Every structure is written in structure tokens, then in C-alpha cells.
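Read left to right, the sequence shown gives residues 97 to 235 (the working numbering). Just so you know, even glycine gets a beta-carbon here, dropped at the ideal spot from N, CA and C. Please read all numbers here as calculations on a predicted model, not as lab measurements.
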Amino acid sequence: MMLIPKRNFDFFDDLFNDPFFTSHESKLMKTDIKEHNDKYELLVDLPGFNKENIKIHIEDGYLIINAKTEIKDNDKQEKGKYVRKERYYGECSRSFYVGSQIKEEDIKANLKNGILNIEIPKENDTKQIEEKKYIEIGE
């Protein structure tokens with residue numbers, strides 16, 4: 097018995113799974129952003145990453161998340177060979193603009209079940225929101 101991933105031979109699936117159509121989609125660090133009254137909450141998927149290998153910092157108003165995971169070289173000790181390897185090993189990074197007033201000490205973060213939860217307080221905006229002015233379109 098061979099363990100080979102199921103493969104459907106559908107022209108459209110093959111076409112739209114081509115890297116030309118999917119290269120813009122990141123397979124790593126998929127992020128949901130929730131807005132609350134006083135804060136933003138980022139939920140970042142980081143399965144298989146340890147919190148010791150995740151670094152979060154602010155630089156020029158951007159919140160930068162770096163995550164790193166390393167391969168453990170057990171291949172030489174184990175018998176057999178891989179037929180397919182899909183787990184990710186390496187380093188990835190994402191950045192989000194949070195504003196120039198936010199400091200590292202204002203941000204709370206925790207990692208649970210492979211999901212990095214980051215809470216960022218909303219920046220106090222002292223400017224009045226100006227009404228939009230539109231340019232009139234002539235005939």
C-alpha cells in the first residue's frame with residue numbers, strides 16, 4: 097500500500113492552484129484583525145512555532161512580527177524516507193501599521209494553541225475628523 101496524496105485531475109483545479117494565481121496568498125501568518133471600542137486585536141496563525149522563537153517589535157510606526165522555526169535533523173536516525181513534506185521550517189515576518197504614538201509597553205501578546213493574540217490600544221487621535229470635500233465635475 098502506498099501513501100500518496102489524493103489527486104483530482106480537474107483542469108480548473110489545476111489551473112487555479114497554479115502559483116500564478118496563488119502566489120499572492122501567504123500560506124503563513126494568516127491574520128484576522130478585530131476592532132473593539134478601545135483596541136485592535138490581531139489573531140495570527142503560527143502553528144508549530146514556540147513563543148521563544150517569536151519576536152514582536154515596533155519600528156517607525158509599524159508592528160513587526162518575526163517567527164522562526166528550525167528543522168530537527170532526525171532524518172539520519174530514522175529509517176525510511178519522506179514521500180512528501182509539507183510542514184514549514186524557516187523564518188517568516190509580517191508588519192502592520194499601528195501609528196507613531198503606540199509603544200512596545202502598550203501592547204499585550206500571548207500565544208495559545210498556535211494562535212498569537214496581540215492587543216493594540218487605539219491611538220488617541222486629537223485631530224478633528226474633517227468632512228470630506230468633493231471636487232465638482234463639470235460638463
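Strand pairing of Phe192, partner residues [DSSP]: DSSP lists Leu159 as partners of Phe192.
Cross-strand partners of Glu187 (DSSP beta bridge): Partner residues in the beta bridge of Glu187, as assigned by DSSP, are Lys164.
Cβ pair count under 8 Å reaching 3, the segment 208 to 215 against the segment 130 to 145: Yes: the two stretches touch, three or more of their Cβ pairs being nearer than 8 Å.
Residues bridged to Asp128 (per DSSP): Under DSSP, Asp128 shares a beta bridge with Leu139.
Exposure of Val179, with buried meaning 16 or more beta-carbon neighbours within 10 Å: Result: exposed.
Nearest candidate by alpha-carbon position, reference Gly210, set Asn146, Ile129, Gly186, Lys135: Nearest of Asn146, Ile129, Gly186, Lys135 to Gly210, Cα basis: Asn146.
Neighbourhood of Lys204 by C-beta, 8 Å cutoff - its chain only, sequence neighbours within 5 removed: Beyond the five residues adjoining it in sequence on each side, Lys204 comes within less than 8 Å, by CB distance, of Ile214, Glu215 in the same chain, given in chain order.
Bridge partner(s) assigned by DSSP for Glu215: Glu215 pairs with Glu137, Lys204.
Residues bridged to Ile154 (per DSSP): The partner list for Ile154 (beta bridge, DSSP) reads Leu159.
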